[in-house]
Amino acid sequence: MQFCCMKQFKFKAMKTTKTLSALILALLLSGLTALYASTQLNSSNPFGSGIGKKEITYIVNIDHDLNLAGFACNYYVVITDEGGKAVAAAQPFRLGIWTYTFHEFSNTGNARVARMSNDPHILCPRSYFFLPETMNGPFVLGRTYNFTLTPEKQGPGIK
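Numbering (the numbering used here), first residue to last: 1371 to 1529.
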């Protein structure tokens, strides 16, 4: 009988040791992960090794002081280079959302143009026109650049 109880005690002790070892290993790994993340966020590397430092951010604000009632056409907010080539994916304009964020992942010295373009497959008899805004480079990783687009009504019968 005494042998039986000693065997159970050894088994429970081994189980507790394994559980404690696994817990210590998990804490050690989470501590190392936090330390690594902290060094990445606080890096002084000018080309950015932290979050948000490896990209150029463009923010396009839509001036919505005008009454945009009847704004039924499908528009897209786009950032292009001076040649008209998109540098980030176009985003569909949604009435009520006035800020659009784009990211580019390399330094550039070229100009960038924020514009609104309407879907060429949809006929818009009374559409709005948005003057594009151009900004000359250089554009630097880790920086944010702001554009503002202002709508002007156009089309047949609009004065």
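The beta-carbon is built from N, C-alpha and C at its ideal position, and this holds for glycine as well.
DSSP bridge partner residues for residue i (one or two, in chain order)
i: PRO1462; result: TYR1446
i: ASN1431; result: THR1469 and THR1518
i: ASP1451; result: ARG1482
i: THR1504; result: VAL1483
i: ILE1426; result: GLU1474
Residue closest to residue i, alpha-carbon to alpha-carbon, out of the options
i: GLU1425; options: ASP1489, THR1478, PRO1490 and PHE1499; result: THR1478
i: THR1471; options: ALA1460, ASN1480 and LEU1493; result: ALA1460
i: VAL1483; options: LEU1393, LEU1493, GLY1507 and HIS1434; result: GLY1507
i: ILE1432; options: PHE1500, ASP1451 and PHE1509; result: PHE1500
Check whether residue i and residue j have beta carbons under 8 Å apart
i: THR1518; j: GLU1503; result: yes
i: ALA1458; j: HIS1434; result: no
i: ILE1429; j: ASN1516; result: yes
beta-carbon residue i near the ligand FAD non-hydrogen atom, thresh 7 Å
i: ASP1451; result: Although the ligand FAD was asked about, the structure shown includes no ligands whatsoever.
6 Å Cβ shell around residue i - same chain, five flanking residues per side excluded
i: TYR1445; result: PHE1463, MET1486 and ASN1488
Nonlocal neighbours in the same chain, by C-beta distance under 8 Å from residue i, ignoring five residues either side
i: VAL1510; result: ILE1426 and ASN1477
i: ALA1481; result: ASP1451, GLU1452, THR1504, MET1505, ASN1506 and GLY1507
Environment of residue i [buried if 16+ CB atoms lie within 10 Å]
i: ALA1456; result: exposed
i: PRO1521; result: buried
i: ILE1421; result: Unreliable positioning characterises ILE1421 in this predicted model, as indicated by a pLDDT of 49, which lies under 50. The coordinate reading is nonetheless provided below. Label assigned to ILE1421: exposed.
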